[in-house]
Structures are given as structure tokens and as C-alpha cells.
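A.B. asks: For the sequence shown, the numbering used here gives the first residue as 20, with consecutive numbering after it. For each residue, glycine too, the CB sits at the ideal point set by N, CA and C. Just so we're clear, the structure is a prediction, and the values are computed from it rather than from any experiment. Questions regarding the structure given below will be posed in turn.
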Amino acid sequence: KVMQVGDTLKFFRDGQTLGMSGFTPAGYPKAIAVMLGEHVEQNKLQGKMRFKVLAGASTGAETLDNWARLDMLSDLYPYQTGKNIAKRINAGELNFKDVHLSNFPNFLSYGYYGDIDIAIIEATEILPDGSIVPGAASGIAQEVAHHAKQILIEVNTSMPSFKGLHDVVYDQIPPHRRPLMISRVDDRCGEPTVRLDPGKVIGIVESQLPDQGRTLAPPRQDELKIAEHITEFMESLVKRGTLPPNLLPLQSGVGGIANAVMVGFSKSKFQDLELYTEVAQDNVLDLCDAGKLKFCSTAALSFSTGGFQRFYNEFDKYREKFVIRPQAITNHPELIRRLGVISMNTPVEIDMYGHANSTHALGSKLLNGIGGSGDFFRNGFLSIVHTPSTRPSKSDPTGISCVVPFASHVDHTEHDILIYVTEQGLADTRGLDPRKRARLIIEKCAHPDYKDQLLDYLQIAEKRHLPSGSGHQPHLLEVAFQMHVNLQKHGTMKLKSWDVSA
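Below, the structure is given as C-alpha cells:
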């Protein structure tokens, strides 16, 4: 069954459903996907060889995003980060279903997405019993391996074997589920490999293509200020006895602010920090080198190219600090709640009552997807959203307020989030009713250019609704999105006045 990458072409045809391993640009199959893209481009088959793809999360740009450029995707689940993918989704040319990452493997196993024709799985080693050792992530490898009709394996020889780093849990579907026996970040309750049915394996190929990790820019000053607010808040909770001296397990999303927050922790006085997260970036290596990391459970080692080289150069040192789990386990509500995870993620915008939009600009344009933020926000011990107070528009350096009266799309409700942070300050809304919460978010988080404007909206809404007995969370529906509309028309969210009648 060992063959050249090009020999696998015969297995693929238009309209198939493919399942892929990996999670973010880590552990995803590369050689076969690149070969298929080259075949389509060289033979001018754009739009004639299209696939429905089920992946753990996003993949490297050289695979699925390139497929989108070549019109090779008909459907995609459950998350994406590609510019070409997003362009096609927003043009209505690619069917995309945004799914909570903890739900996705379950839904796949329940049969919600139909049959899977071929699973393409990256391995760093095949063991004598036929099971495989995934690479820097497994994602949904065990689910697609179990449910696919056929399996292709890419053995990546450009990296060391990750044997011993994985904890692969085979969860049953209802009504046969059992508790997951994890009560500490470094507990293991699964197996070190992904089991396969050898009879379904139709090909094994070698890959020498590395994971295409993303390099993050150094943190900006506003991002570092957000990190400072968060670490100071954590220190205050330790003093009150709410948190232990080494906090509780941390979950941090991806991107510039998340990177800055982890940089802040690496420079803080906290020791023996634990992470129970989806993605470990270069900053986790920094925590380890600073002697502050006790242990990290993650779905993916999503390092930059330099970060991967750093990890491989001291592989035996770093591997003792990590366990890599399937996303069904890293994002499992039962475990997040039991461990008391502190969740931190970045939205597009928040509104004054505490709802958060993580996915759609101006309510319509998909950016990436909800990812795992909902899994952690809903179930965390503390749920923290961090965002800049403003972003620049084309004509105004503070033209977009990230605090608005009414979020233009809601992914996380006021019931899911407790703490709101911008470079302006931190709003601890635990125990506050909607109107008190709104005043605190405006006071602590809104940019000075928008504070009075947002407070005016709240006061006008209260004046209208409280006398009529409808003011628990007062809104002005006719102008709730006036800031967004003004941005579309005039390039800024700054208003002369609210267009409301008395």
C-alpha cells in the first residue's frame, strides 16, 4: 500500500466528502492536498473537481485555502482562516457551516454530515499494530478514521515521532457515554495512538512538508496594556482568595492580543502556570523557558516556523511539558468546567450589555468562525473577552468602536461572559444587572471618543422604557445599529446625534 503521492490521484473524484486530521496549521495532511491542487491547476479543472471537506479547524494556506482559490471546495466545516476561503464564502460560492469545535466531532459521529468517502491523516509514525502516531495535532483524526470508507495516511518524515505526546480518547455516542477521567491538566485517560482499521487503508505516502506555522508580530502597546489589566486583575483575585497562587488552568485564543496576554504572564510574578487550551503558540515555549509553565494540555502545537524548529531542537526538554488531545477532549464542556478553566478570547465587537460578536463584520461578512471560544466562555470559571476599544477605518484612526449599543451579530450572550477588557480598562460585571453592566462597560472599556455617545444612547433608552415598565435591558430599536450604518456611509462610527424621536 506504500505509494508515491501522485499515485493517490486515482482515488479522488468530483463530489466526494473528505475528512482531514489536524487543527490549525498543525498536523494536517499536506502532500496529497498540494498534489491535488497542482493537478487541478495544471489541467485547468477549476470548478470541476470539488470536495466537501470536514477538517478539525483551519489548515495551512497551501492546502485548503489554495483549494478555495482553485474552486475545489463545495462545502467546508467547521472553521476557517483563509482569505480565499472567506472570499468564496461571502460571495455565496462555498457552503460553510460554522460550528462549536467541541460539537463538531460529535455531530460528525452522529452522522449529521453524511458519509465520509476518504480520510486523509498525517502521521509521524505507524506502529506494528497498525495504529498511527499523529503529529503536532490530531483534531478529528480518530473520528474520520472510524467513519470514513477509506483511509490515506501521510507519514511526515520531516519531523520527529510524536509518540508519547498524544492522549487519544475514544468517546462513545449516547446513551453509552462515560465520565472522562481527567481532573488535572496533566491527567491522561486515553491512548497514545489513533487506531485504524487496516482494511480501510488504501495508500500510505511519505510527506516531507513541514507545518506552515504563522509568525505573530511583536505585541503592540495597546495589546500589552490589555495584558497588564488582566494580570493585575488575576493578582487581585489571588489576594482575595478567589484563585490559588498559580491561578487555575488558562485558555488563550489566537492572535495578537492573546499573544500579548501570554507575554504578560511570562513577565508576571505567577509561577507553575497550567494551560488547558486549544492552541499553544510560541509564547508557551517562552513560558516554559522562563520556568513558569507547569504543564500544557492542548489540541495543537501551532508554533511559527521558528517556533517549530525551536521545539524540535530541544524536543526531549519540551515534550515533558505537553500533552496533545483531540479537540473533542480539549474543548469538552465537562472538562472545562471541572478544571475551572480561565477563558480568554478576542471578539470583533462587544455591546454595552455584554453580548459578543466573534465572527461577522457589520453583521454580515464572515471573518473566520466561532472556533472554540463558545466552548470555553460558556463553561469557564472566568470568561474574559479582550479587544481593542477601537479599530481604524479607512478615514478615521478611531473610526470603529469595538463597544457598540447592540452587537451586529451575537455569538456569545451576556450570560456567557463575565469580564470585559480593552486597553482602556477592565469591567468586572459579575453579579451586575444589565443597566449596571452597561454603565461599567462604557466607563471602563469604551474609547473616550465614544463614551458620551454610548452613555447618551443608554440614557435615552432608559428614559423611554423605564416609565412604561419595559426597561430591564432598554434599547432603541430604530437606531440600535446607527453606529454601524454611519460607518458604512461616512467611514466612522462617530455620530452627531442619535436619530430618535422624543
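(1) Please list the segments of the beta strand (DSSP E) lying wholly inside the region 366-444, counting only runs of 3 or more residues, in order along the chain.
(2) Thinking C-alpha only, which one of Tyr98, Ala309, Ile343 and Asp136 is nearest Asn122?
(3) Rounded to a whole number of angstroms, what is the C-alpha to C-alpha distance between Ser412 and Gly399?
(4) Compute the beta-carbon to beta-carbon distance between Tyr469 and Leu495, rounded to the nearest angstrom, for a pair I have assumed lies under 8 Å.
(5) Can you tell me which of the three DSSP states Ala299 falls into?
(6) In chain order, what residues of the same chain lie with their CB nearer than 6 Å to the CB of Arg214, ignoring the 5 residues before and after it?
(7) Expressed to the nearest angstrom, what Euclidean distance is found between the alpha-carbon atoms of Leu55 and Ile108?
(8) Do Lys116 and Thr82 count as a contact pair if the criterion is CB distance below 8 Å?
(9) Relative to the alpha-carbon of Gly41, which residue among Ile438, Ile223 and Pro229 has its alpha-carbon at the smallest distance?
(10) Tell me the DSSP secondary structure of Lys219 in three-state form.
(11) Under 7 Å Cβ to Cβ from Val59, same chain only, skipping five residues before and after it: list those, please.
(12) How is the alpha helix (DSSP H) around Met281 delimited, first residue to last?
(13) Nearest to Met371 by CA position, among Val440, Gln346 and Gly183, is which residue?
(14) Since Met512 is in the beta strand (DSSP E), which residue starts that stretch and which ends it?
(15) In the structure shown, what three-state DSSP assignment does Ile488 receive?
(16) Here's the rule: buried if 16 or more other CB atoms are within 10 angstroms of the residue's CB, otherwise exposed. What is Glu293?
(17) Which same chain residues, not among the five before or five after Gln191, have their C-beta less than 8 Å away from its C-beta?
(18) Does Gly393 pass the burial test, meaning 16 or more other C-beta atoms within 10 Å, or should it be called exposed?
(19) Specify, as a first and last residue, the run of the beta strand (DSSP E) that Gln270 falls within.
(20) Identify the residues that DSSP records as bridge partners of His185: which are they?
(21) By the 10 Å Cβ neighbour count, where 16 or more other Cβ atoms means buried, how is Leu312 classified, buried or exposed?
(22) Taking 8 Å as the threshold (C-beta atoms), are Leu358 and Pro493 in contact?
(23) For a quick check, are the C-beta atoms of Gly274 and Asp301 less than 8 Å apart?
(24) Put Tyr132 into one of helix, strand or coil per three-state DSSP.
(25) Per DSSP, what kind of secondary structure is Ile11 in: helix, strand or coil?
(26) Label Thr176 either buried or exposed according to how many other C-beta atoms from any shown protein chain fall within 10 Å of its C-beta, with 16 as the threshold for buried.
(27) Look at Val422 and Ile461 and say whether their C-beta atoms are less than 8 Å apart.
C.D. replies: Let me lay it out:
(1) 368-370, 401-405 and 438-441
(2) Counted from its first residue, the sequence shown places residue 122 at position 103. Checking every option, the nearest Cα to that of Asn122 belongs to Tyr98.
(3) Here residue 412 refers to the residue found at position 393 of the sequence shown. Here residue 399 refers to the residue found at position 380 of the sequence shown. Whole-angstrom Cα-Cα distance: 33 Å.
(4) Here residue 469 refers to the residue found at position 450 of the sequence shown. Here residue 495 refers to the residue found at position 476 of the sequence shown. Not confirmed; about 16 Å, so no contact.
(5) Mapped onto the sequence shown, residue 299 falls at position 280. Ala299: strand per DSSP, three-state reduction.
(6) One-based indexing of the sequence shown puts residue 214 at position 195. Excluding residues within five positions, the ones whose Cβ falls inside 6 Å are Ser150.
(7) Position 36 of the sequence shown, counted from the start, is the residue given in the question as residue 55. Position 89 of the sequence shown, counted from the start, is the residue given in the question as residue 108. About 21 Å.
(8) The count along the sequence shown starts at 1 and reaches residue 82 at position 63. The count along the sequence shown starts at 1 and reaches residue 116 at position 97. Contact flag unset, no.
(9) Counted from its first residue, the sequence shown places residue 41 at position 22. Comparing Cα-Cα distances from Gly41 to each of Ile438, Ile223 and Pro229, the minimum goes to Pro229.
(10) Start at 1 with the first residue of the sequence shown, and residue 219 comes out as number 200. Three-state DSSP puts Lys219 in a helix.
(11) Along the sequence shown, one-based indexing puts residue 59 at 40. Correct list, in chain order: Gln65, Met68, Leu89 and Met91.
(12) Numbered from its first residue, the sequence shown carries residue 281 at position 262. Residues Gly275 to Ser285.
(13) What you label residue 371 is simply residue 352 of the sequence shown in a count that begins at 1. Comparing Cα-Cα distances from Met371 to each of Val440, Gln346 and Gly183, the minimum goes to Val440.
(14) Along the sequence shown, one-based indexing puts residue 512 at 493. Run containing Met512: none; DSSP gives neither H nor E here.
(15) Position 469 of the sequence shown, counted from the first residue, corresponds to residue 488. In the sequence on display, residue 488 carries Gly and not Ile. Looking at Gly488 - three-state DSSP - the assignment turns out to be coil, as it is neither helix nor strand.
(16) Within the sequence shown, the letter at position 274 stands for residue 293. When all chains shown are included, Glu293 counts as buried.
(17) The residue labelled residue 191 in the question sits at position 172 within the sequence shown. Arg197.
(18) Sequence index remark: in the sequence shown, residue 393 carries index 374 (1-based). Buried: at least 16 other Cβ atoms inside 10 Å.
(19) Sequence index remark: in the sequence shown, residue 270 carries index 251 (1-based). Where Gln270 is concerned, the enclosing beta strand (DSSP E) stretches over Leu269 to Ser271.
(20) For the purposes of this step, residue 185 is taken as the residue at position 166 of the sequence shown. Ile343.
(21) Your numbering for residue 312 matches position 293 in the sequence shown. Leu312 is buried by the Cβ-count criterion.
(22) Against the sequence shown, residue 493 aligns to sequence position 474. Against the sequence shown, residue 358 aligns to sequence position 339. Their beta carbons are not under 8 Å apart, which means Pro493 does not touch Leu358 by this criterion.
(23) The residue labelled residue 274 in the question sits at position 255 within the sequence shown. The residue labelled residue 301 in the question sits at position 282 within the sequence shown. No. Outside cutoff.
(24) Within the sequence shown, numbered from 1, the residue matching residue 132 stands at position 113. Coil.
(25) For the chain, the structure presents residues 20 to 521; residue 11 sits outside this window and is missing.
(26) For the purposes of this step, residue 176 is identified with residue 157 of the sequence shown, where counting begins at 1. Exposed, because fewer than 16 other Cβ atoms sit within 10 Å of the Cβ of Thr176.
(27) Stepping through the sequence shown from its first residue, residue 422 is reached at position 403. Stepping through the sequence shown from its first residue, residue 461 is reached at position 442. Yes, Cβ-Cβ distance for Val422 and Ile461 is below 8 Å.
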